[in-house]
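These protein sequences, in sequence, are chains A and B.
If you read the first sequence in full-length UniProt numbering, its first letter stands for residue 1, the second for the next number, and so on.
If you read the second sequence in full-length UniProt numbering, its first letter stands for residue 1, the second for the next number, and so on.
Every residue gets a Cβ at the ideal spot worked out from N, C-alpha and C, and that includes glycine.
Single-structure report; data block below.
Protein chains: 2
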Amino acid sequence: MADTARRPEHRYGNRPTMKDVAARAGVGLKTVSRVVNGEPGVTPDTERRVQEAIDSLGFRRNDSARVLRKGRTASVGLVLEDLADPFYGPLSRAVEEVARAHGALLINGSSAEDADREQELALALCARRVDGLIVIPAGSDHRYLEPEIRAGVATVFVDRPAGLIDADVVLSDSYGGARNGVAHLIAHGHRRIGFIGDRPRIHTATERLRGYRAAMEDAGLEVAEEWVSLGPTEPDRVARAVGAMLSGPNPVTALFAGNNRVTVTTVRVLASRETPVALVGFDDIELADLLGITVIAQDAAALGRTAAERLFRRLDGAEEPPTTVVLETKLIPRGSGETAPA
Amino acid sequence: MADTARRPEHRYGNRPTMKDVAARAGVGLKTVSRVVNGEPGVTPDTERRVQEAIDSLGFRRNDSARVLRKGRTASVGLVLEDLADPFYGPLSRAVEEVARAHGALLINGSSAEDADREQELALALCARRVDGLIVIPAGSDHRYLEPEIRAGVATVFVDRPAGLIDADVVLSDSYGGARNGVAHLIAHGHRRIGFIGDRPRIHTATERLRGYRAAMEDAGLEVAEEWVSLGPTEPDRVARAVGAMLSGPNPVTALFAGNNRVTVTTVRVLASRETPVALVGFDDIELADLLGITVIAQDAAALGRTAAERLFRRLDGAEEPPTTVVLETKLIPRGSGETAPA
C-alpha cells in the first residue's frame with residue numbers, strides 16, 4: 001500500500017508497459033500488441049510466453065488510449081437528481097443492467113437539483129467521451145448539449161422532458177396519475193382536498209398539479225388558494241404546509257402528496273393528529289403496504305430500462321425522429337385514500 | 001437528433017477540432033491551445049475572437065487526451081453491491097460529495113453480490129485509469145487488485161474488509177451492534193431468540209451472527225440450531241425462515257433481523273400474525289419510526305464519507321500504513337424490541 005501514498009504526479013510512472021512485456025517475453029512490441037488485442041499471427045508457444053510476462057508484470061491494457069484510437073468508450077453517463085433518493089435506485093440499477101447487457105459501463109452522478117451542476121456533470125461526461133447520456137434534467141434549457149448531440153452523443157431524457165431541444169424522452173404519466181388519485185379521493189366523498197408538491201420549476205410537480213386541478217374541475221369543485229403548496233420537499237416546509245391546510249377556516253379533509261418525499265413527511269404529520277385525514281401519494285414507498293398508504297405508483301425500473309433501451313437503439317444506428325414515451329401509473333388502494341371525510 | 005442515429009464508428013468524425021477553431025478565428029493552433037488551456041501570451045482581442053469561434057463551433061476540449069498526457073483522470077470508482085438497495089444511496093451520495101469537493105467525478109456500478117462481476121467492474125474502472133477505487137467487496141480474494149495498487153490506484157474497502165491483501169478498510173461495528181441488539185431483547189425477558197441473516201460468505205452476516213451468539217452466551221443462553229438461518233435475503237426465503245422459527249416445539253419469542261432487507265420481510269410476516277413477536281433489525285429503514293421498529297442503526301453516509309476522505313488523503317500523498325476504521329452503531333428503541341415474551 002505504500003505505493004498508493006506516492007504523489008499523484010508520479011503515480012502512473014511504474015505501470016508496466018507493452019515494452020516491459022516485450023522485454024520480459026523476449027519478443028517484439030508488435031507481437032505483444034497482437035496478443036493483447038487478440039489478433040492472429042502469433043504461435044501458441046509465443047502467446048503463452050507473452051501471457052506469462054503479462055501475468056507476472058501485472059500489465060493491463062490502457063483503455064483510455066483505446067478510446068482515443070477507436071472513438072468508443074463503451075460507457076454511458078446517467079445524470080440524476082440525487083443518488084440518495086430511493087426513487088433513483090431502481091432506475092439506476094435498470095439502466096446499469098441494460099448497459100451491462102451491451103457491454104457498457106455506467107457512469108453516474110447527481111445534479112442535486114441544480115441546473116448548473118447538471119450542465120457541469122453532463123459536459124464532464126461528454127468530455128470523457130461517453131457513448132450516450134441519460135439525463136434526469138434539473139434545468140430547463142438543454143441547448144448546451146446540442147454540440148454534443150451533433151457530435152454523436154446519443155441522449156435520452158427521463159422523468160422530465162428536455163428543455164428547448166428536440167430529444168428522446170421517457171416519462172411517467174404524472175398528469176393522468178395525479179388526476180386519477182384526486183378523482184379517487186373525490187369518489188370517497190372529499191370536497192376540500194389539498195395538493196403539496198415539489199418546486200414549481202420541476203416539470204413533474206406542475207404536471208401533477210395540473211392533474212389535481214383537472215380532477216377538481218371535472219367534479220365541479222373550486223380550488224381555494226390555500227389548498228395548493230409547491231416548494232422544496234424538506235420535512236420542515238412540508239410539515240408547515242400540511243399544518244396550514246388542516247387549520248384555518250376552510251381546512252381540507254384529504255391531501256394529495258406530489259412525490260415520495262412529500263408523502264413520507266405527510267404520513268408522519270398525520271400520524272400525530274387525532275382527526276383522520278385521507279391521503280393519496282404519488283410514488284410508491286417501501287412499507288407503504290403496512291402503513292396502509294394509498295399511492296399512485298410509477299415504475300422507476302421501467303423508466304430506466306425504457307430510456308436505456310432507446311439509448312442503445314440509437315447507438316446501434318436506429319434512424320427515427322425523437323419520440324416521447326409516456327408510461328402508465330397505477331393506483332394502489334391501501335386504506336389511507338379510502339376513508340370518508342371526518 | 002438525426003445525427004445521433006449515425007453508426008458508432010463514425011460518430012466522432014464531426015466533432016470540431018482546435019484546427020477548426022484556429023481557422024474560424026484566423027489565428028494559429030498554438031494560440032487556440034493557449035486560450036483553451038488558460039495559458040498567458042494572448043491579447044484580450046485575440047482571446048475574444050478565439051472564444052467566439054469556440055462558442056460558434058461548439059468546440060470542447062477532449063479530456064480523454066488530457067488523461068493520457070497528464071496521468072490524472074480526476075475520477076474515482078465505486079463498486080457497490082446493488083444500486084437499488086436503499087442502504088447504498090446515502091453511501092454513494094456521500095462519496096460523490098467528497099469526490100466533488102476534490103474536483104473528481106464518481107463512476108459507480110454494482111457487483112450484484114457476485115465476486116466475478118466485482119472483479120470485472122473494478123478492473124474495468126482501473127483500465128479507465130480512475131485515480132482511486134472504493135470497493136464494497138462481494139468476493140473474498142482481492143489479490144487481483146495488487147498490480148493496480150502497486151501502479152498507484154488508491155483503494156479503500158468499505159462495509160466489508162478486503163480479502164488476502166493489506167488495505168484501508170472502513171466498517172460499521174456489526175459484531176458490537178448485533179450483540180447490543182440481542183442483549184436488548186434479553187433484557188426485555190426473551191430467552192428464545194432467532195437470528196435471520198444474509199449468506200454466510202458475507203462478512204457482515206457472519207459478524208452479526210457472532211454478535212448474536214456472544215450476547216446469548218453472555219446471558220448463559222443456549223442457541224438451538226433451528227434459531228439461526230443464513231441465506232439470500234429474497235422475501236420468500238426470509239418468510240420461510242420466520243415461519244419455521246415461530247412454529248415447531250421450541251418457537252422463538254423474539255427475532256434479530258440481520259439487515260434492512262431481512263427486516264422489511266420480517267415486519268410484513270409478523271404483521272399478519274396474531275401473537276406479538278419482538279423484533280430488532282440491523283440497519284435503520286425509512287418509516288421504521290411510524291411502524292415502531294427498533295433498530296441498530298449504522299450511518300451509511302458516514303461510511304461513504306470516511307472511506308472517500310481516506311481515499312483522497314492517500315491521493316494527496318499521505319504515507320501511513322493501511323488502517324481499519326470501525327464506526328459505532330446506535331440502538332434506536334421504538335417499540336418492537338421492548339415487548340415482553342407473549
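Taken in chain order, the complete alpha helix (DSSP H) segments of 4 residues or longer contained in the stretch 261-336 of chain A are 288-291 and 300-315. Proximity of Asn-259 of chain B to chain A, defined by a Cβ-Cβ separation below 8 Å, is not satisfied.
For Pro-161 of chain B, the closest Cβ of chain A is not nearer than 8 Å. Judged by pairs of C-beta atoms under 8 Å, the stretch 165-172 of chain B touches the stretch 150-157 of chain B, as three or more such pairs exist. The criterion of a C-beta distance shorter than 8 Å is not satisfied by Thr-329 of chain B and Ala-278 of chain B. Assigned with DSSP and collapsed to three states, Asn-108 of chain B falls in strand. For Asn-250 of chain B, the nearest beta carbon of chain A is not closer than 8 Å to its own beta carbon. Residues of the same chain with a CB within less than 7 Å of the CB of His-190 of chain B, apart from the 5 flanking positions on each side, are Thr-253, Ala-254, Ala-278 and Pro-341 in chain order. The beta-carbon of Ala-302 of chain A is placed no less than 8 Å from the nearest beta-carbon of chain B. DSSP places Ala-340 of chain B outside both helix and strand once states are collapsed to three, so it counts as coil. Restricted to the stretch 186-271 of chain A, the beta strand (DSSP E) segments that are unbroken, complete and at least 3 residues in length are 193-197, 228-230 and 254-257, listed in chain order. With respect to the 8 Å criterion, Ile-186 of chain A and Ala-257 of chain A are not classified as neighbours on the basis of their beta carbons. Beta bridge pairing from DSSP links Ala-101 of chain B with no other residue. Going by DSSP, Ser-33 of chain B is part of the alpha helix (DSSP H) stretching over 29-36. Per the C-alpha coordinates, the member of B:Arg-261, B:Thr-266 and B:Pro-249 positioned closest to Ala-241 of chain B is B:Thr-266.
Your pair Phe-59 of chain B and Val-35 of chain B does not check out as a contact, with CB atoms roughly 10 Å apart and the cut at 8 Å.
In this chain, Thr-155 of chain B is not harboured by any alpha helix (DSSP H); it is covered by the beta strand (DSSP E) spanning 154-158. In this structure, DSSP gives Val-76 of chain A an extended state, which the three-state scheme calls strand. Linking Ile-202 of chain A to Val-295 of chain B through their CA atoms gives a straight-line distance of about 35 Å. Counting other Cβ atoms within 10 Å of its Cβ, Asn-108 of chain B reaches 16 or more and is therefore classed as buried. Among the residues of chain B, none has a CB under 7 Å from the CB of Ala-23 of chain A; the nearest is roughly 17 Å distant. Only exposed fits Gly-26 of chain B, as fewer than 16 other CB atoms lie within 10 angstroms of its CB.
A direct Cα-Cα distance of roughly 11 Å separates Gly-177 of chain A from Val-280 of chain A. Chain-ordered, the chain A residues with CB closer than 9 Å to the CB of Asp-82 of chain B read Gly-89 and Arg-93. Put simply, the CB of Val-158 of chain B is far from chain A, with every gap to its CB atoms at 8 Å or more. In the displayed model, Gly-132 of chain B falls within a strand according to three-state DSSP. Ser-111 of chain A and Glu-146 of chain A do not touch by the CB rule: their CB atoms are close to 19 Å apart, not below 8 Å. According to DSSP, residue pairing for Leu-145 of chain A in a beta bridge does not occur.
For the pair Val-98 of chain B and Glu-286 of chain B, the CB atoms are not nearer than the 8 Å cut-off. Per DSSP, the continuous beta strand (DSSP E) segment holding Val-170 of chain A begins and ends at 168-172. Considering only beta carbons, the part of the stretch 123-136 of chain B lying closer than 9 Å to chain A consists of Leu-123, Ala-124, Leu-125, Cys-126, Ala-127, Arg-128, Arg-129, Asp-131 and Gly-132, in chain order. At a cut-off of 8 Å between C-beta atoms, Val-264 of chain A counts as an interface residue with respect to chain B. The beta carbon of Ala-104 of chain A sits closer than 6 Å to the beta carbons of Ala-74, Ser-75 and Val-76 from its chain, once the five residues preceding and following it are set aside; these are given in chain order. Per the coordinates, the alpha-carbon of Val-223 of chain A lies some 56 Å from the alpha-carbon of Tyr-212 of chain B. Around the beta carbon of Asp-316 of chain A, fewer than 16 other beta carbons lie within 10 angstroms, which makes this residue exposed.
With distances taken between CA atoms, Glu-96 of chain B lies nearest to B:Leu-311 out of B:Leu-311, B:Leu-57 and B:Leu-209.
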